[in-house]
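Step one of this worksheet: look at the structure below.
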Amino acid sequence: MCSLYVGVLMLMIGGILSLIFEKSEKMAGLFSIVFGAFAAFFIFSFIKIPLMTDKTITDILNMSMPIGIVRIEVDGLSAFFIMLIIVLAFIAMLYSHGYFLHFYNKGMSCGKHFFFFNILIVSMILVVSVRNAIAFLILWEIMSISSFFVMSFHHNAEDMREVAIKYIIAMHVGAFFLIVAFLIAGIEGGTFDFEGIERVMKAGGVLAQVVFFLFFIGFAFKIGLIPFHTWLPYAYPAAPGGTAALMAGVMKAVGVYCLLRIVGLSGRPEVWSGYVILAISVGSAVFGILTAISHNDVKKVLSFSSVENAGIIGIAIAAGMLGLAYDLPEMAFFGFAGALFHVLNHAIFKGLLFFGINSVYTQVYTTDMDKLGGVIKKMPMTAYLFLVGSLAIVGLPPFNGFISKFLIYNSFFIITSQKAAGLLMGVSVLTLAMLALTGALALAAFTKTFGTVFLGEPRNNKIVFKSESNAWMTFPMLVLSLMCLFIGLCPHGVTIMLRGPLKSMGVPYYEHNLETATMVSGVFLIFIFMLALVLFIKFLVLKNKKIQKAATWGCGYGAVSNKMQYTGASFSEPLTRLSKPVLSMDNNIKKPNGLFPVKALSYSVKAGDLIERLFIDKLWHAFRWLLDRFSWIQSGYTGHYLLYILLTIVAMAIAAMWRLGL
Amino acid sequence: MMDAAVRYVLMIVVALLMPGLINKVKALWGGRQGASILQPIYDICRLFHKSQVISETTSPIFRVAPSINLVASLCAGLVVPVAGKESLIYFNGDFVFFAYILALGRFFTVLGALDTGSSFEGMGASREVTFSALIEPAFFIIMGAMAMLTGYTSFSQIFSLIPGLLQNIKINDAGVSIAELIRLWAHSELLVAAVCGNIVFLIMILVEASRLPVDDPTTHLELTMIHEVMVLDNSGIDLAFIQWASALKIGMLGTLIVALILPAALYMWSAVMLYLFLMLLVAITIGSIESVMARLRMTHVPQFVLGASSIALIVLAILLLGHKQ
Amino acid sequence: MLLNDVAVVIFGASLTYILGTSRLGAYVKILSVQGVLLFFSAISHAETLGFFHSVFIAFETLIVKATIIPLFIFFIIKDLGINREVEAYIDNFISVIVAILIVIGSFTVAAIMKNVGQDSNIDVLTMGVSISAVIIGLFIMISRKKLITHVMGYLVLENGIFLLSLALATDVPIIVEMGVLLDVFIGLFLMGIFINRIQSTFDSADISELTRLTD
Amino acid sequence: MMGIEFILIVIPALFAGYSFFFRYFRTDRIVLVVCAVIHLTLTMLLSQKTVPTEGVMFGIDSLSFVFLLILSVLFLATAVYSIDFIRQMHESGHYNVLYVPALLLFLAAMTGVIVSRNLGLIWVFIEATTLASATLIYHYKTKESLEAVWKYLFICSIGIALAFIAVILMLEASRSIKGIGLNVDMLIKNANSLSPLWLTIAFVFALIGYGTKMGLAPMHTWLPDAHSQAPSPASALFSGALLNCAFLAILRYYQIIVNTDMGQFARTLFLVLGLFSIFLSSVYVYRIVNYKRKLAYSSIEHVGILATGIGLGGFAIYAAMLHAICHSLAKHLMFLNAGNIFHAYKTINIKNIHGAYRSLPSTAWLIMIGTIALLGFPPFGTFISKFLILEQMIVNGRWVTMVVFILLVTVISYGLLKAAIQMAFLSEKDAEGHTVEKEHMTTLLPQWFFLGLLLCLGLYIPQWLNNLLYNAAALLLGKGGV
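Residue numbers (the working numbering), protein chains in the order written: chain F, 295 to 956; chain B, 172 to 496; chain E, 3 to 217; chain L, 2 to 483.
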């Protein structure tokens with residue numbers, strides 16, 4: 295336990311030193327990195343025992359009044375997530391340092407950024423280790439608030455105010471669900487230790503269901519499941535440097551951890567709760583990716599793809615719960631294993647993708663697909679690494695995304711050989727189809743992203759590229775890409791780490807069932823070998839031939855301009871037209887008028903978020919409308935004010951008399 | 172193992188013949204002599220000898236895309252059971268791998284198209300991802316339903332079992348009364364599953380390999396094309412790879428169709444002969460469809476493709492009903 | 003007790019009258035009269051009061067309430083040249099009806115309280131009038147436009163409270179008596195000062211000027 | 002009679018007299034700080050004797066010690082802050098010589114309210130606070146401040162008149178028992194012998210009368226006007242200390258009534274008014290652009306939370322005590338920040354303020370973190386108190402109340418956070434236009450100190466404070482421990 299504390303302390307020291315050396319901006323980042331490295335070392339040396347064995351390390355801290363006795367416990371599940379947090383956080387730290395090299399002397403304080411960044415990391419590490427409701431809530435909110443400050447680094451950006459308020463209010467509302475859930479569990483269970491939750495959940499009944507769904511909603515805010523995701527497409531794009539990666543990958547993972555923890559404490563879940571979560575998750579996956587396709591800002595695409603991946607993780611968790619509920623241990627195993635694996639993978643490739651697009655952003659200060667293009671020629675390294683991320687996130691072989699998706703697929707068809715309920719079978723098949731659809735749509739989304747941003751030519755002539763990003767930025771991306779490839783080719787490296795987490799959730803572990811994953815990675819090797827062979831043949835064939843360079847064939851039309859390239863919006867048009875009912879698209883057409891129109895026709899499409907528009911905005915407007923009905927109270931007339939007092943006297947006097955029994 | 176490898180090679184060869192066969196069938200329907208069945212192979216060979224012209228706009232992605240597409244198709248073939256026996260490689264859930272490795276090929280084809288910066292190729296790419304996304308659920312529903320029916324989850328096992336189960340249904344060779352037939356159909360969900368599955372696979376061929384009525388590989392009117400328009404800028408060996416990969420897709424999906432109806436447990440040679448015969452039937456069917464149907468309007472294609480999903484859903488419904496009994 | 007009853011009845015009548023009149027001068031006069039009436043009412047309880055207390059009450063009612071305050075208000079009106087008209091949001095006729103309703107309601111409440119409290123000490127008449135005075139004081143402030151009428155409404159309210167303490171016939175400690183005096187002084191003089199300021203700042207002492215601060 | 006309590010009242014009054022007669026701004030600053038330090042020291046001396054002798058005029062119990070402590074600390078902060086504030090005013094040429102005497106008198110009156118153990122005396126001192134604070138509100142002598150002070154005086158006078166009725170009725174209630182008078186301890190002791198009718202009505206009038214001063218809706222109407230017009234250090238004291246004093250006055254009546262059968266009724270009234278206050282605050286807090294008015298409405302919300310806490314009973318009373326401390330600290334620091342903003346931007350209209358991160362970095366961070374602390378986000382003390390109040394709601398099974406409470410609190414959070422973000426963040430257009438203003442150390446120190454205290458309260462409440470709060474809550478715990 296000691297080395298965990300030392301690690302946390304190191305992070306804090308790093309943060310505080312960054313704050314102190316705020317003025318010399320370069321030092322701030324370096325301090326963070328150095329102490330982050332120490333912290334990573336200590337924390338690694340600590341978590342390897344609970345992660346690799348079944349051992350649980352517990353420590354009891356006796357705090358004073360508001361918090362009380364805090365049990366800090368690191369079991370397999372916690373250790374898995376601590377590992378994820380510290381690895382990604384350290385990589386993000388490196389990247390952030392490189393990113394901020396572009397923002398020195400621009401009035402932004404990198405020192406403060408690193409301070410809150412480190413606090414964010416610390417709070418995440420502690421959130422997954424504490425077993426006390428109050429301490430948990432405090433840390434949870436510190437996580438939200440520090441991420442809020444980290445995120446609002448670019449506070450001069452256009453719509454940053456809107457984004458910031460949306461983010462923090464969403465977090466606030468989410469936290470209230472958790473507060474209520476923890477309170478009910480604490481009061482009914484008799485203690486604010488997690489034992490109380492376990493007691494309530496295992497007792498079952500309506501109360502347990504209510505508590506579970508309150509927890510689910512509270513965590514769904516962080517994970518980003520619909521309809522609680524609305525903050526997410528604003529927050530991630532606004533976040534600077536490595537923070538977007540940390541928020542999208544790691545903070546989401548913390549939410550998933552919490553959900554898994556609650557599931558782990560609940561014993562056998564109800565069947566219907568599994569189905570509800572499955573429905574929400576499938577909805578998130580399909581809605582998320584469809585909306586992602588409709589957007590033309592790369593960061594928005596990545597954010598909505600996060601909603602999609604949240605859905606996929608949710609599907610996996612739902613599969614696990616259904617497995618437990620129906621007594622199908624293998625399904626449960628694949629579900630939870632898939633969820634854990636996919637969380638890890640998502641953190642890796644989403645981090646990679648955000649790093650990539652932020653690198654582009656540091657060069658051209660835009661992430662709008664309709665302006666970008668041909669980035670691969672100026673920033674080849676970034677482009678290829680982004681390509682790896684895209685392939686991985688779509689789940690294409692031979693990268694890691696496929697492995698985790700494969701496990702999730704497995705959880706649904708593993709029941710074929712067992713006697714499962716008809717409903718479950720039908721739902722499983724449909725879920726398979728939806729997962730497949732999600733994958734295919736993700737392909738559309740990421741071919742669109744990569745194709746329009748990195749390939750072709752710039753769509754706007756004003757875009758001027760300077761150079762490839764610095765090594766502080768490309769190195770972390772390289773590391774993450776190698777991780778993608780390594781996990782894809784050698785999933786065993788991760789699957790051995792799933793044993794501890796699953797054991798601590800009380801889910802059986804079937805080592806032999808993971809052999810399929812190894813099998814798949816074997817086929818990947820064949821693929822790579824064949825690819826090498828084919829490329830070699832091609833090289834031999836073309837060796838003595840002269841390769842001509844020419845302009846792209848313009849179908850006989852000579853005056854081809856960059857602006858004629860297919861844009862993101864046009865690329866996704868067939869799909870957005872088909873899925874119009876679930877999208878929010880604003881079409882702006884300015885028709886030319888008059889016989890001799892001066893202005894040409896202009897047509898633009900602006901994508902939004904249907905759920906936000908239909909659900910959140912409407913709700914908020916209704917509530918505001920209701921509140922506005924009372925805005926006459928403060929009229930400014932003293933007479934009115936006195937009338938209120940008089941009426942209060944009368945009302946209270948009547949109440950008093952009534953109460954006294956007159 | 173050796174046996175499976177031979178079958179794999181057999182499938183690749185048959186696949187290379189498929190486009191030629193289909194074209195021949197179309198020519199015959201049109202009352203023409205038509206080109207030789209081997210014409211596509213000649214084309215590929217010829218392209219191997221040619222040099223390349225590459226757009227200045229492109230990046231290395233454009234140059235590796237066709238190779239990756241080809242290798243992806245070849246890899247996908249590894250899990251396809253040919254002629255009634257297990258495939259070269261099989262594992263639980265290999266159909267997921269099959270779908271995703273094909274998607275990898277598609278991913279790079281689309282990127283290659285976008286890399287040229289041509290709006291025509293972008294258009295094709297856009298349509299490609301749309302229609303392939305729509306066909307994907309159908310494939311998974313049909314495979315999932317069949318997996319549920321049979322209790323197995325790999326191509327080889329599912330397809331070896333379904334025909335076997337079909338054979339177990341006792342049909343009086345002489346006279347089957349209509350009532351008996353209806354009873355059979357109603358109770359032999361596998362038969363319906365097989366038929367529906369084949370229809371879905373057929374639609375998949377039409378979509379994936381860009382055939383009529385979804386796409387017309389013969390015209391070069393850019394606005395109506397999907398697949399062909401994406402490869403406008405490819406030449407030489409890359410084009411050869413692309414055509415090969417395209418033929419492979421037809422071949423593999425055709426093999427799947429055949430596998431559904433090919434009775435298992437036949438002797439090696441009879442199985443192969445039957446396989447070749449059935450592949451010919453598939454080619455004739457596709458050719459006939461192409462000959463008698465007009466190309467659909469681009470806006471109607473999604474309905475057609477989604478039809479596959481609804482057919483797949485029928486299989487699912489049958490599965491659920493059957494489960495109740 | 004007759005003296006008390008008569009004084010209180012006249013006090014009650016003055017409350018109705020104050021809502022019926024539309025002259026500021028009448029307001030001031032009624033305030034003065036009310037001070038005298040309060041003196042009589044208090045004197046009727048004299049047997050329970052000590053010497054010092056009696057002197058204090060006499061000072062409070064006759065000197066302060068009946069003389070100084072009306073003079074002070076009169077001085078303000080004159081000094082500021084305030085229009086002699088009482089401007090009201092509510093018509094005088096309706097105001098009188100409201101006053102009658104308030105009086106009826108107050109007597110009902112007083113009667114109920116006597117019943118429930120089973121407290122023979124409660125003098126329903128005085129109690130009813132005092133409650134009416136409090137509420138009518140508030141009503142004056144609510145329905146009249148001029149700041150100076152607000153102040154006078156406040157004074158009516160204070161008189162009501164004074165009467166209430168008599169109605170309960172409690173031996174009010176001297177500290178409380180001093181408190182009420184403090185209240186009146188602070189209220190009156192601070193308000194007087196500020197009315198002056200308001201008049202000079204806004205060129206009007208009308209309450210409708212003071213509606214800038216609103217949301 | 003001449004206990005420390007009495008000295009506590011007298012000393013500020015004496016200093017006020019000194020300042021009033023000598024009228025020199027340099028000594029004024031020293032006087033203010035010295036007086037604050039003395040006040041705090043004396044308060045600390047009192048910490049050991051928190052059980053008052055029965056029947057005394059001035060005394061301290063745990064409950065009043067909590068409030069005295071808040072007042073003392075807050076006043077010290079105001080005094081420190083005023084060092085630079087007075088200098089600024091002096092330089093800009095409109096230093097009001099009544100500022101320091103009024104502040105000190107205000108302190109004396111508030112101390113009087115807190116240490117008095119006689120309902121009549123409490124009433125007198127509450128009246129006295131009005132006098133002192135009216136001067137402070139009229140500090141800038143604008144039309145708006147004139148209107149504000151008029152409304153303040155007028156409405157509070159009505160309120161105090163109503164509170165006086167409560168005093169009279171309390172006398173009536175205790176008539177059957179000889180020699181009690183208005184002493185709080187005696188009244189509590191004999192609560193059950195008091196006439197329930199008069200006691201209840203007395204409580205209702207006290208609630209409305211002092212509630213006016215405290216800012217409970219719908220009697221709160223003067224509050225946004227007055228708080229927004231006073232100079233910031235004084236506004237800070239209004240919101241942080243004055244409201245607490247009025248609250249304490251109500252609690253004195255509550256202490257009596259809670260020991261009778263009418264305790265539940267009193268709690269219901271608290272709950273209704275409390276929730277209505279929160280509701281009213283949520284109606285306004287997001288629509289206004291004047292930042293100080295916004296903070297004033299936030300005070301109404303917090304007053305509502307205090308009342309809700311008392312109304313819920315049980316552990317929520319402890320929460321209310323904690324909340325009183327936390328809110329005072331948080332609101333005080335927010336008003337001081339508003340002072341800094343006003344000094345730099347010469348406006349308090351949110352729409353005209355942006356880029357504070359650039360031009361007033363420390364203040365901007367104070368506003369951001371202070372808002373978070375004020376709204377009850379962890380790890381600050383306000384979170385704990387809100388958490389405990391929610392806990393009590395669940396224990397009592399008040400689900401609807403809880404949902405409404407959460408909804409309204411969220412709206413308020415939205416309003417305040419939006420304002421903070423609006424002011425702190427740089428806008429795209431004027432990215433280069435801001436110069437960094439110099440911030441004086443004394444205008445930041447109190448706020449950072451308070452933030453530290455709030456952080457401490459949220460993570461670790463020291464044992465002595467915990468005991469103090471428990472004892473204070475125990476005083477308000479009526480029959481049957483609810």
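Here a beta-carbon is modelled for each residue, glycine too, at the ideal position from N, C-alpha and C. Quick caveat, the model's predicted, so the values are computed rather than measured.
Return the first residue and the last residue of the alpha helix (DSSP H) that residue i is part of.
i: S56 of chain E; result: 53 to 60
i: E867 of chain F; result: 862 to 872
i: Y261 of chain F; result: Here chain F has residues from 295 to 956 only, and residue 261 of chain F is not among them.
i: M771 of chain F; result: 765 to 783
i: R31 of chain E; result: The residue asked about is misnamed: residue 31 of chain E is Lys in this sequence, not Arg. First-last of the alpha helix (DSSP H) with K31 of chain E: 26 to 45.
Any idea what DSSP makes of residue i, helix, strand or coil?
i: F59 of chain L; result: strand
i: I181 of chain L; result: coil
i: V601 of chain F; result: helix
i: M317 of chain B; result: helix
i: N343 of chain B; result: The predicted model places N343 of chain B with a pLDDT of 43, which falls under 50 and marks its position as unreliable; any figure quoted below should be read in that light. Three-state result, N343 of chain B: coil.
i: D208 of chain E; result: strand
i: I354 of chain L; result: coil
Under 6 Å Cβ to Cβ from residue i, same chain only, skipping five residues before and after it: list those, please.
i: V150 of chain L; result: A135, I138, Y139
i: G368 of chain B; result: I313, L431
i: I390 of chain L; result: G310, A317, A320
i: V196 of chain B; result: I455, G458
i: F329 of chain F; result: M304, I307, G308
So, for residue i: in the same chain, excluding its five sequence neighbours on each side, which residues have a beta-carbon less than 7 Å away from its beta-carbon?
i: V347 of chain B; result: Because the pLDDT at V347 of chain B is just 44, under 50, the model does not fix this residue reliably, and the value given afterwards should be weighed accordingly. Here the set comprises nothing.
i: G862 of chain F; result: N590, M663, D664, K742, T746
Ignore the nearest five residues each way along the sequence and tell me which others in residue i's own chain have a CB closer than 8 Å to its CB.
i: L154 of chain L; result: T131, A135
State the start and end residues of the unbroken beta strand (DSSP E) segment that holds residue i.
i: E367 of chain F; result: 363 to 368
Note down, in chain order, all residues in the stretch 347 to 364 of chain F with a beta-carbon under 9 Å from any beta-carbon belonging to chain L.
M357, S358, M359, P360, I361
With 9 Å as the limit, tell me which residues of the stretch 222 to 253 of chain B have their beta carbon closer than that to any beta carbon of chain F; keep them in chain order.
S222, Q223, V224, I225, S226, E227, T228, T229, S230, P231, I232, F233, R234, V235, P237, S238, I239, L241, V242, A243, L245, C246, L249, V250
The stretch 816 to 824 of chain F in contact with the stretch 202 to 219 of chain B per 3-pair CB rule at 8 Å
no
When you check each C-beta in the stretch 182 to 202 of chain E against every C-beta of chain F, which residues fall closer than 7 Å?
none
Would you call the stretch 41 to 56 of chain L and the stretch 87 to 97 of chain L touching, i.e. three or more CB-CB distances under 8 Å?
no
Within 8 Å, do at least three Cβ pairs link the stretch 235 to 247 of chain B to the stretch 273 to 284 of chain B?
yes
Using 8 Å as the threshold, is the stretch 912 to 920 of chain F in touch with the stretch 229 to 247 of chain L, meaning 3 or more CB pairs across them?
no
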